[in-house]
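Everything below concerns the one structure shown next.
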Amino acid sequence: GLAIDPAAERLVSPCDGQVTQLHSSGHALTVTTAEGLEILMHVGLETVLLKGQGFSPKVKEGQAVKAGDLLIEFDADFIVHRALSLLTIVVVSNPERVAEFLPSEGFVEAGQSDLLELRLASTMATAAGPSPAAETDSQGPLASEPIVVLNPAGLHARPSAVLANRAKKYQSRISLEKESGAKGNAKSVVSIMGLEVKAHDRVVLSAEGPDAREALSELAPLLASGLGESLHGEPAQEPKPKVERKASSDPNVYLGVAASPGLALGQVFQLRYAETQVEEKGQGAEVEKALLSEAIKKSVSELKELQSQMRQKAEAGKAAIFAAHEELLEDPELLERADQGIDQGQSAAFAWQAAFAAQAEALARLNNELLAGRANDVRDIGRRVLAHLTEAKEAKPEIPKGAILVAEDLTPSDTAALDKSKIQGFAVVGGSATSHASILARAAGLPAIAAIEERALGIEPGTTAVLDGDKGELRLNPSAEEVEAINKALRAAAERREKELSEAMAASQTVDGRRVKVVANVGGLAEAVEIPGLGGEGVGLLRSEFLFLQRVEAPAQSEQEAAYVGVAKALGPERDLVVRTLDVGGDKPLAYMPLPHEVNPFLGVRGIRLNLLGTDLFRAQVRAILRAAPYARLHIMFPMVTSVEELKEAKAIVLNEKEALGVQDEVKIGVMVEVPAAALLADVMAKEADFFSIGTNDLTQYCLAIDRGHPRLAKMADALHPAVLRLIDLTVKGAHGQGKWVGVCGGVAGDVVAGPALIGLGVDELSVSGGSIPAVKALIRRLSYARCQEIAQEALKMKNAKEVRDFLAQEAKEAS
Ligand code: PEP
Ligand code: MG
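Each residue of the sequence shown is one higher than the one before, counting from -17 in this note's numbering.
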């Protein structure tokens, strides 16, 4: 075929024929000629992601067309700004029927003169050939062009899940093949992951069945565009080879990987799984298959229950882990393997055990830390189903108080069920810092070590040990002095914390009477319910992303509503609740909202830009947030604002929805100051906004041009840089000039060294993590506002962040 760079905004039919396929996004169609030649036309590259925006098809499937008839009209300007290219491809998708391609020379006119003459292969010239209609029963096998996978970490769990999910919608058999010839089932997450497709590998998708063509036309561009993942990951996200196991020469020291920070002192408890013994011989395929299907059904409903519990606690990340487990239970490879065993006369339990063990082993063998970590997830679901099949009520071991667990591995289900009142921390031989057990440990604040030396499994139970989750080190038999020193440090920290906590309800006011509100940054209900008890005066930043990330579909408005109302009720009508509208896009992509690939996602379609682009999603979110208005003092805040126009547009949507819903309660509308433009224009914005909240994490990144996650430079992205302090100063002056208040919700707000400078600049509110509230309130009560103002003025004049930090550290030392 050929490609045309269009100068007009019309695609016309190159020949007579019938429209046999029109993509639902209106950007591509196929015209089949009377001879059975299929001419596929595709306007632009990666335009499927526009989901129909910019395209108006002028024909319907089944319609007869003549050469020159208008097929699709498109908005070239709109498309070039959002897609990779406008290059339009016209190809014969069954080229085996063409003997020769004869392109014309000179000028041709669309629909008037011939661009390409095709000489048909003789079989077609002599026989009528199958009619296009007969072909639709079974197509294929059809194969895509080779696709270069650009996902920085290759096809790991999340993109594999997106691909498998989309592939499952089709009846055709769909496979994914690597250049090496390794082939996997594209409907199976495990099978795709097992191919170990790395960044820049070339793969081919093939499909066979009644909807093979539709499948490929959706899946191939989706795979090429990253399956909803940002194609610009940090090198740190690339597949890491499996961790080199560390080994200590000291018999009392066991080395591993730091999985969750913190120090723990306790007695080793060895947690072992008893192998479940199952009968090999079954009672016939029909009976056994029914048993297996029943056990899987029970497991799925347990997993659904777990997810709903997690979501009620607004722990979306944890819910997502169990959602992925549910996905694994539908994995066709796993089920086929078990079925084969049953067909050979095995019992359901035996066949299932063999199937999941083989899959887990295959994953564990992969030379990729991320994928090997998923072996444990397969074992987890495997055991869950097996428990139903054997009805073995595994006697749960009685874990003593003060235990440091040592185990081969912990499944996410085990970790979620750990009793924190008894367990001080855990060390596992398997896993890695990115495995789900480690993620859950960090969420629970439990010190943990992964990939510890295998000999740890031989430690005598009851041995006293120190687990250092920061270093990834387990030390046995600490000396009496060491135990005393650790106990002393833990006690002193606990005492200080207890004192601060006991005074947490007192107002946060400086010694000379300046009120500074202390509120919290939260990611969901679980954290929000703790805030009043910690002395928090409200929530200064609810990161609404918690509802949207790590899932395959957008949350329904009703689910969002329940979440926001839940948080508002937890705070009550006396407290502020600041909800930030969805802050994704760019570096935080959503699988269900694939955006065109961006060269520089931090400077791309993100924050309010995405809000205003995807207005349906935005309006649904706004409506859901507004439902919380009766239950707390509701504030809505927009992320990444750079202009007054954006603010006005977003504000108009909120006011419009508020009126439509008939919400009578007052709702304040604010701006997150995260981009220097917003700080510099604060005086102008203050006329439109009710309040400001400074997101110093991003403000520092954009002010200093340092990526906040950069592996080497991130340390230099210090919000105490005088340039950032000057932007804070400008924001406060601009806002106060119009009688509006300013908070700081970036990480620096909880940094007690930085507190005096921020307060001295006139910041009215500090929004910090819940756990830091008592300490920050205690700090404010020790400070003098007059001195803080002097400190701030000094700092503004300094040359660099280090100078400011040293100066503030000295001040803090002298004050204590
Ligand atoms: C910030 O940028 O400072 C901020 C609080 O937002 P986030 O960290 O969620 O980007
Ligand atoms: Mg931010």
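All C-beta atoms, glycine included, are put in the ideal place defined by N, C-alpha and C.
Secondary structure of G8 (DSSP, three-state): coil. In this structure, the ligand MG has no non-hydrogen atom nearer than 7 angstroms to the beta-carbon of G732.
Judged by their CB atoms, C727 and L523 are nearer to each other than the 8 angstroms cut-off. Taking the C-beta atoms as reference points, L709 is found nearer than 8 angstroms to A661. The beta-carbon distance between R366 and E284, rounded to whole angstroms, is 7 angstroms. This is short enough to meet the 8 angstroms contact definition.
The beta carbons of L201 and L145 sit about 7 angstroms from each other, so the pair counts as a contact at 8 angstroms. A buried status is given to E315, since no fewer than 16 other beta-carbon atoms sit within 10 Å of its beta-carbon. Taking a C-beta distance under 8 angstroms as the contact criterion, G44 and V1 qualify as a contact pair. Rounded to the nearest whole angstrom, the CA to CA distance from E772 to G742 is 7 angstroms. The straight-line gap separating the alpha-carbon atoms of P738 and D450 is approximately 33 angstroms. 8 angstroms or more divides the Cβ of G719 from the Cβ of A774. When DSSP states are grouped into helix, strand and coil, L559 belongs to the strand group. Under DSSP, T14 forms a beta bridge with Q0 and E20. By the neighbour-count criterion, in which a residue is buried when 16 or more other Cβ atoms sit within 10 angstroms of its Cβ, K383 is exposed. The beta carbon of E308 sits closer than 8 angstroms to the beta carbons of V282, L285, K286 and Q289 from its chain, once the five residues preceding and following it are set aside; these are given in chain order.
Contact between Y546 and A462 does not hold, since their C-beta atoms are separated by about 53 angstroms, which reaches or exceeds 8 angstroms. If you compare the alpha carbons of A206, A433, P141 and L237 with that of V172, the shortest gap goes to P141.
Secondary structure within the region 290 to 353: the alpha helix (DSSP H) runs of 4 or more consecutive residues, fully enclosed, are 298 to 311, 314 to 325 and 330 to 347 (chain order). Annotation for M175: the continuous alpha helix (DSSP H) segment containing it runs V171 to G176. Under the Cβ criterion (8 angstroms, minimum of three pairs), the region 261 to 277 does not count as touching the region 400 to 409. In the structure shown, the three-state DSSP call for E(-9) is coil. Contact annotation: L629 and A671 have beta-carbon atoms nearer than 8 angstroms. I688 places its beta carbon 8 angstroms or farther from that of L681. Nearest to N469 by C-alpha distance, out of D565, L387, A277 and G248, is G248. Counting along the chain, no beta strand (DSSP E) covers A399, and no H or E run does either. Looking at the DSSP output, F56 shares a beta bridge with F37. Uninterrupted alpha helix (DSSP H) stretches at least 4 residues long and entirely within the region 485 to 572 occur at 507 to 510 and 539 to 553, given in chain order. Measuring C-alpha to C-alpha distances from V745 to each of F673, E793 and L371 identifies F673 as the nearest. Going by DSSP, S242 is part of the beta strand (DSSP E) stretching over V239 to S242. Between G716 and the set L27, L100, L345 and S675, the nearest pair of CA atoms involves S675. A straight-line Cα-Cα distance of about 19 angstroms links I174 and Y574. Within 7 angstroms of the C-beta of D689 there is not a single heavy atom belonging to the ligand MG. Placement of the Cβ of P621 at a distance of less than 7 angstroms from at least one heavy atom of the ligand MG is found. Around the beta carbon of L422, 16 or more other beta carbons lie within 10 angstroms, which makes this residue buried.
A302 counts as buried, since no fewer than 16 other beta carbons sit within 10 angstroms of its beta carbon. Rounded to the nearest whole angstrom, the CA to CA distance from G725 to L594 is 24 angstroms.
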